[in-house]
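Peer 1:
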Amino acid sequence: MQSKVIATDAALQLIEKLKAKYGPLMFHQSGGCCDGSSPMCYPQGEFMIGDSDVLLGEIGGCPFYMHAAQYEYWKHTQLIIDVVPGRGGMFSLEGSEGVRFLTRSKVF
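Residue 12 is where the sequence shown starts when you use the numbering used here, and the numbers rise one by one after that.
#1: So which of Q89, Y82, Q81 and M101 has the shortest CA-CA distance to K117?
#2: Give me the Cα-Cα distance between F38 and K86, rounded to the nearest whole angstrom.
#3: Looking at the unbroken beta strand (DSSP E) that takes in L7, where does it start and where does it end?
#4: Name the DSSP bridge partner or partners of D93?
#5: Pairing CB atoms from the region 59–77 with CB atoms from the region 93–108, are three or more of them under 8 Å?
#6: Output the boundary residues of the beta strand (DSSP E) element that contains I17.
#7: Name the two residues that bound the continuous beta strand (DSSP E) containing Q40.
This is the structure in structure tokens:
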């Protein structure tokens, strides 16, 4: 069985850098407007997970959650978390690094 969420080597390197800086991390992708459609990286416990969030797995030892409504659109895909240059969500920790996390996908 394939993992529902994986990360590229570049994303894993950035996660390690952020963990060294901020401690344990978590990811959430809500599917809302603006920044909500991007994977957001937070210090673990700084984002409240609700009953409508689905744990898809871990990347770099960090839990990755997605809002259930968005998961309905993505449930037949494998999410591939990558890093690209640019500014992402203003609350996501990687913003100060001049890069942002990006979700790519592959159909199962």
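All C-beta atoms, glycine included, are put in the ideal place defined by N, C-alpha and C.
Peer 2: Inspection of the coordinates gives the following:
#1: Q89
#2: 17 Å
#3: Since the displayed the chain opens at 12 and closes at 119, residue 7 lies outside it and no answer follows.
#4: L113
#5: no
#6: V16 to A18
#7: L36 to Q40
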